[in-house]
Amino acid sequence: MGVFTRFKDIVNANINAMLDQAEDPEKMINLMIREMEDTIVELKSTCANSMSEEKEIEKEITDGKALVERWDIRARLAVEKQKDDLAREALFEKKAASNQLEVVEENLKQLKTLISESKANIFALEEKLESVKQKKRILSQRATHAQDKKRARENLKKASGIEAASKFDELEQRIRRMEADADLVFTDKKSEKEAEFYKMEKESEIDKELEALKQTMNESSKKETTKEN
């Protein structure tokens, strides 16, 4: 069974509610569009057949009016010729033709009403279809934006990791330079004890800077985790 069972179901359907309840909104909206398009094709085909029938009935009415007029002329002619029997027959045929004409004219009236309703239904359904297609475009845009946002977050995480690694490399190089400088300076000019104190002081400074960097990165990581949740 399709999403819609009758034309009124389509026109009166609450599209937003149906999409909210659907497990797969994209699949649901594609199904809606396909069924609407199929229904429009069927309605237009039926309407086209009705319009073709309308032309045939209009021709039948034209012929019927001509027949009524012809029997009227014959009845008058028979009266003029004082042929009452022929006049009666002509009037009988005229009456029969008139009755048939009334039936055909009533059929045409009903058919015109049906055609008018069909055209209105087609117009309403086409408007509904355009509304659903617009919702599909919106859903597609949202999906694209969500993917872009996800990629941006992933790139940001990668960039943060690269930046952190770069800072660690830079810090490690500074430590090595300081250690080399300390060894060079105090080997030649300072006592062994002074060199040890100097190295301890520099290491203390580096330790503080390292702890500060770790704290900064830890806070940044917590913020990123909060955003993702």
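Anchor point for the sequence shown: position 138 equals 138 in the numbering used here, and the numbering is continuous, going up by one each time. Beta carbons: idealized from backbone N, C-alpha and C, even for Gly.
Non-local C-beta neighbours of E60 in its own chain, meaning closer than 6 angstroms and more than five positions away in sequence, comprise V104, ordered along the chain. L114 is not a Cβ neighbour of M36, given a cutoff of 7 angstroms. Within its own chain, the residues whose Cβ lies closer than 8 angstroms to the Cβ of Q100, once the five positions on either side in sequence are excluded, are G64, listed in chain order. Within its own chain, the residues whose Cβ lies closer than 8 angstroms to the Cβ of I57, once the five positions on either side in sequence are excluded, are V104, N107, L108, L111, listed in chain order.
Sixteen is the threshold: since fewer than 16 other Cβ atoms of the shown chains lie within 10 Å of the Cβ of L77, the residue is exposed. Here D84 carries a helix assignment [DSSP, helix/strand/coil]. Only residues of its own chain outside the window of five on either side were considered, and among them A75, A78, V79 have a CB closer than 6 angstroms to the CB of A87, listed in chain order. Scanning its chain for C-beta atoms nearer than 7 angstroms, with the 5 sequence neighbours on each side dropped, one finds around E93 the residues W71, in chain order. The Cβ neighbour count for N121, taken over all protein chains shown within 10 Å, is at least 16; the residue is labelled buried.
Here D85 has no same chain residue with a Cβ atom under 7 angstroms from its own Cβ, once five neighbours each way along the sequence are excluded. Here S118 really is in contact with L43; their C-beta atoms are around 6 angstroms apart, less than 8 angstroms. Here A97 is near V68, since their CB atoms are less than 7 angstroms apart.
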